[in-house]
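A.B. asks: According to the UniProt record's numbering, the stretch in the sequence shown is residues 1 to 634, in order. My structure is below; once you've seen it, I'll send some questions.
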Amino acid sequence: MPFDALFEKYLDGLSAYESGYISGSIYLLEDLLEEVKNYYNEQNKLNKLHFKIVDALSNAYISNRDFKKAVSLMNEYLELDPDNLRVLYKFFTLYHDFDINERLALKYYLKVSDISKTDNFESNVDYEVWKLIEFKGKALIQKRKADLMLNLDNDSTKPIDKQNLMKQLPIEVLKKIFDQSDNRSLVNILRVCKGWRNTVLESPLLISSYALKSYITLEQLKSYYRLFDQKVLLSDIVIEKLSLEGLDEVKILKSLIKSTIQVKQLCLSFEDDTNKEFINLVTNPNAILITNLLELKISSDSCQPIIEFVVPLLQNTKNLRKLEIFILYPFYDEEEEVDEDEIDDPKGTIVLDKLEKFTISYTKRNPDGVNISKISKVLVMPNLKQILVDMSLVEPFLPYFKTPTKLRSLSIARHHINTFFSIVTHPDLSQKFRYLENLEFGDRAFNYTRSIPIGFNPPILPSLKRILFHNTNVNAMEIDVLLNSCRSTLEELVIQNDLNNSNNLYNIHYPAMGTRRNDRPNEPLRFDFNYILKSLPKLKNFTLTDRNIPEKFFTKMFMDIALLDRPYHLDYLEIFNQVCTEQVTILMLLSMRDKLFVKHLMIAPKISGTLKPFIELAISSGQIGKIETAKYHQ
């Protein structure tokens with residue numbers, strides 16, 4: 001039987017199964033199975049649909065609770081392809097979820113585990129299948145170990161008394177149990193009984209498991225004081241993220257600041273009326289909590305607290321690796337003026353030679369450039385690798401680029417792409433971006449009419465590998481000009497928009513990218529995926545998610561892919577829009593055949609119904625490595 005006829009009959013059997021006609025699907029699929037068996041006997045090789053038929057037929061048998069037939073069918077296929085992960089996964093699922101047999105489920109888990117240890121297994125198209133088995137298999141092993149441990153003691157003569165578990169289990173075993181427990185479970189352990197509580201409080205090893213893994217305030221920290229009866233030193237507790245505000249209780253703050261508590265990230269909020277004693281505590285050079293800090297996030301309602309209080313604070317943070325400053329103005333009427341007096345210049349400079357990531361955000365629409373520029377004049381960050389700037393002014397943050405020598409990542413929000421061009425062409429800054437690998441533009445709040453002049457080319461960025469546009473209204477001509485700086489190095493291009501206004505980027509009636517004419521410098525261009533593929537030889541990852549994209553654009557884009565002059569390869573491709581229905585996705589898969597090969601494809605619709613067989617065919621033919629529905633699209 002020709003392949004197309006086999007495929008059509010397979011679709012009929014699959015549709016019957018999904019519609020609930022189990023007996024009918026079994027009849028169709030068993031007939032198909034005989035066809036592919038004959039093909040194997042004649043050609044001595046497996047038909048592309050052989051496994052698909054076995055998979056669908058075994059599902060039908062399992063739905064009918066006919067486990068013997070399902071096992072016999074899968075064993076027959078294993079004789080032809082002994083290491084087929086998908087068949088082994090079917091066996092594991094059968095014995096784990098349906099015909100429950102833990103011993104047999106573990107047998108198939110261990111067999112798959114051995115296969116996963118082979119070289120380059122992570123690049124295997126069935127790697128995701130292994131991850132599904134791995135999670136359930138490890139849980140099954142842990143369950144059997146726990147059952148064995150609770151039923152036998154060291155001499156294997158009597159069961160353990162579960163009521164005295166804390167006293168009878170080795171401390172190392174308890175430590176492993178504690179490390180795998182969440183905060184709520186750990187707190188409940190202390191509340192169960194005095195015996196358990198005393199065992200925990202007397203063991204520094206067990207106390208070390210009480211790392212506070214989530215956001216915590218001082219009020220929550222006080223509850224931990226009471227929980228431990230203050231028998232546990234603060235230095236034995238690790239806090240992932242601690243928030244301090246100027247109005248918090250100073251008494252507990254004193255003990256906290258002077259302690260050797262381990263805090264991974266500290267969040268401080270300053271206001272004009274912040275308690276002076278609070279300020280003195282956090283700016284004290286003897287505050288161990290501050291001097292050992294690695295990450296600091298500062299929030300304020302104006303520039304004044306930042307300059308008056310934060311500058312002295314930063315003088316004590318010589319080990320800082322990450323600094324975030326947020327000047328958060330409240331919402332107000334756009335016509336209303338918010339007065340802010342000019343502040344005296346801070347004295348001296350602060351050298352943060354270990355700082356690697358710096359963020360500054362200024363939410364006011366018309367920020368006070370005079371005062372905010374004073375912050376940049378104080379900070380010296382020679383080893384900075386990542387900068388994120390979120391403000392509508394350009395000049396105040398230019399000094400941040402003067403000291404770093406090996407900047408790796410730059411994120412600019414609320415700015416036109418011309419802002420970046422003005423920075424990289426600045427005579428004092430042009431050499432600061434030789435090592436830039438990641439460039440991001442985000443949340444442009446205003447529409448700019450300034451156009452890029454004909455013949456303008458930004459300087460070459462020899463290390464740039466990734467560009468991201470997020471809610472930027474960027475147009476095709478701007479993208480094209482920016483790509484001129486990194487065509488030989490760019491590996492990832494991301495366009496993620498969620499704007500309500502229309503965008504000329506996807507108008508199919510405009511000329512394509514790369515066709516800008518000197519006699520029509522302001523003529524809008526259309527985004528062209530084929531042009532991106534052809535002009536970026538090292539491109540590996542591409543993402544296009546924008547709710548403004550019309551269906552006509554996708555149709556044009558996919559038809560163009562089918563006309564590519566040679567095959568292209570990508571590691572990751574994500575195309576999403578609400579018009580990306582099953583039919584549009586099928587068109588994409590058909591247009592990619594023999595033209596575009598993708599290891600990991602993210603799509604919008606769920607993988608079911610009519611779409612499923614086309615996806616299975618794309619995977620079995622090697623066109624696609626794996627296909628998923630993006631979680632935030634589900």
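Ideal Cβ positions, reconstructed from N, Cα and C, are used throughout, including at glycine.
(1) Quick one, are the C-beta atoms of PHE358 and LEU328 less than 9 Å apart?
(2) In the segment 273 to 328, which residue ranges form an unbroken beta strand (DSSP E) of at least 3 residues, counting only runs that do not cross its ends?
(3) Ignore the nearest five residues each way along the sequence and tell me which others in THR515's own chain have a CB closer than 8 Å to its CB.
(4) How do the segment 542 to 560 and the segment 571 to 586 stand: do at least 3 beta-carbon pairs fall below 8 Å, yes or no?
(5) Excluding the five sequence neighbours on either side, which residues of its own chain have a C-beta within less than 6 Å of the C-beta of ASP528, listed in chain order?
(6) Just list the beta strand (DSSP E) runs in the segment 583 to 628, keeping only unbroken ones of 3 residues or longer that don't cross its boundaries, in chain order.
(7) Indicate whether TYR568 and LYS599 have their beta-carbon atoms separated by less than 9 Å.
(8) Rounding to the nearest angstrom, what Cα-Cα distance links VAL71 and ARG65 in this structure?
(9) With a CB to CB cut of under 6 Å and the five nearest residues on each side skipped, what residues in its chain are close to LEU596?
(10) What are the partner residues of LEU493, as DSSP defines its beta bridges?
(11) CB TRP196 to CB ILE189, shorter than 9 Å?
(12) How should ASP390 be labelled, buried or exposed, when 16 other C-beta atoms within 10 angstroms of its C-beta is the threshold for buried?
(13) Within 10 Å of its beta-carbon, does ASP55 have 16 or more other beta-carbons around it, so buried, or fewer, so exposed?
(14) For GLU240 and ILE279, what's the separation of their Cα atoms in angstroms?
(15) Which residue wins for smallest C-alpha separation from PRO170, given the options VAL200, SER185, ASP182 and LYS194?
(16) Under the three-state reduction of DSSP, which class applies to ARG526: helix, strand or coil?
(17) Among ASN47, TYR506 and LYS297, which has the Cα closest to the Cα of LEU6?
(18) When you compare each of LEU439, PRO312, SER411 and GLN315 to LEU493 by their alpha carbons, which one comes out closest?
(19) If we ignore side chains and look at the alpha-carbon of each, how far apart do TYR448 and ALA413 end up?
(20) Thinking C-alpha only, which one of ASP428, HIS416 and PRO82 is nearest TYR400?
(21) LEU313 and LEU268: beta carbons closer than 9 Å?
(22) Measuring only the C-alpha atoms, how far is PRO458 from SER485?
(23) Please report the residue range of the alpha helix (DSSP H) in which LEU174 lies.
(24) Can you say whether ILE508 is buried or exposed, counting buried as having 16 or more other CB atoms within 10 angstroms of its CB?
(25) Exposed or buried, ALA139, counting other C-beta atoms within 10 Å across all chains shown (16 or more means buried)?
(26) According to the neighbour-count rule (16 or more other Cβ atoms, all chains shown, within 10 Å of its Cβ), is PHE331 buried or exposed?
(27) I'd like the span of the alpha helix (DSSP H) that includes THR93, first residue to last.
(28) Per the DSSP calculation, ALA512 is bridged to which residue(s)?
(29) I need the straight-line Cα distance from ARG86 to ILE532, nearest angstrom please.
(30) DSSP state of GLU574, grouped into three classes?
(31) Considering only the alpha carbon of each residue, which of PHE51, SER113 and SER591 lies closest to ASP81?
(32) Leaving out five residues on either side along the sequence, give the residues of the same chain with a beta carbon under 8 Å from the beta carbon of SER535.
(33) Assuming SER463 and LEU436 make a contact with CB atoms under 8 Å, what is their CB distance in whole Å?
(34) Apply the 10 Å Cβ neighbour rule to LYS432 and answer buried if 16 or more other Cβ atoms are within range, or exposed otherwise.
(35) Measuring alpha carbon to alpha carbon, tell me which of LYS465, ASP443, TYR510 and SER15 ends up nearest ALA476.
(36) Mark CYS303 as exposed unless 16 or more other C-beta atoms lie within 10 angstroms of its C-beta, in which case mark it buried.
C.D. replies: Checking against the coordinates, here is how it stands:
(1) Inclusion of PHE358 and LEU328 in the CB contact set at 9 Å is not warranted, their separation being larger than that value.
(2) Runs of the beta strand (DSSP E) lying entirely within the segment 273 to 328 and spanning at least 3 residues, in chain order: 295 to 300 and 322 to 327.
(3) Closer than 8 Å at the Cβ level, and outside the excluded window around THR515, lie LEU525.
(4) The segment 542 to 560 is in contact with the segment 571 to 586.
(5) Closer than 6 Å at Cβ, skipping near neighbours: ALA512 and MET513.
(6) Segments of the beta strand (DSSP E) lying fully in the segment 583 to 628: 596 to 603.
(7) Taking 9 Å as the Cβ cut-off, TYR568 and LYS599 do not qualify as a contacting pair.
(8) Cα to Cα, VAL71 sits roughly 11 Å from ARG65.
(9) Only ILE561 and TYR568 meet the Cβ criterion.
(10) Beta-bridge pairing links LEU493 to ILE467 and PHE542.
(11) It is a contact, given that the beta carbons lie within the stated cut-off.
(12) With 16 or more Cβ atoms within 10 Å of its Cβ, ASP390 is classed as buried.
(13) Around the CB of ASP55, 16 or more other CB atoms lie within 10 Å, so the residue is classed as buried.
(14) Each residue's alpha carbon lies about 23 Å from the other.
(15) Shortest Cα-Cα distance from PRO170 to any of VAL200, SER185, ASP182 and LYS194 involves VAL200.
(16) Correct three-state label for ARG526: strand.
(17) Looking at ASN47, TYR506 and LYS297, the one whose alpha-carbon comes closest to that of LEU6 is ASN47.
(18) Measuring from the Cα of LEU493, the nearest candidate turns out to be LEU439.
(19) Residue confidence for TYR448 is low, a pLDDT of 49 falling below 50, so the modelled location carries little weight and cannot support an answer.
(20) Ranked by Cα distance from TYR400, the options ASP428, HIS416 and PRO82 are led by ASP428.
(21) Yes.
(22) Note on geometry: alpha-carbon atoms of PRO458 and SER485 lie some 6 Å from one another.
(23) LEU174 -> alpha helix (DSSP H) spans 171 to 179.
(24) Around the C-beta of ILE508, fewer than 16 other C-beta atoms lie within 10 Å, and the residue is accordingly described as exposed.
(25) Under this definition ALA139 is an exposed residue.
(26) Low confidence applies here, because PHE331 scores a pLDDT of 45, under 50, leaving its location unreliable; read the following figure in that light. Burial call: exposed.
(27) THR93 -> alpha helix (DSSP H) spans 85 to 93.
(28) Note: ALA512 sits in a beta bridge opposite ARG526.
(29) The alpha-carbon of ARG86 is positioned some 36 Å away from that of ILE532.
(30) Strand.
(31) Of PHE51, SER113 and SER591, the smallest CA-CA separation from ASP81 is found for PHE51.
(32) Taking C-beta separations shorter than 8 Å and ignoring five residues to either side along the sequence, the partners of SER535 in its chain run LEU483, ARG487 and GLY514, following chain order.
(33) Confirmed, Cβ separation roughly 6 Å.
(34) When all chains shown are included, LYS432 counts as buried.
(35) Among LYS465, ASP443, TYR510 and SER15, the Cα nearest to that of ALA476 is on TYR510.
(36) A buried status is given to CYS303, since no fewer than 16 other beta-carbon atoms sit within 10 Å of its beta-carbon.
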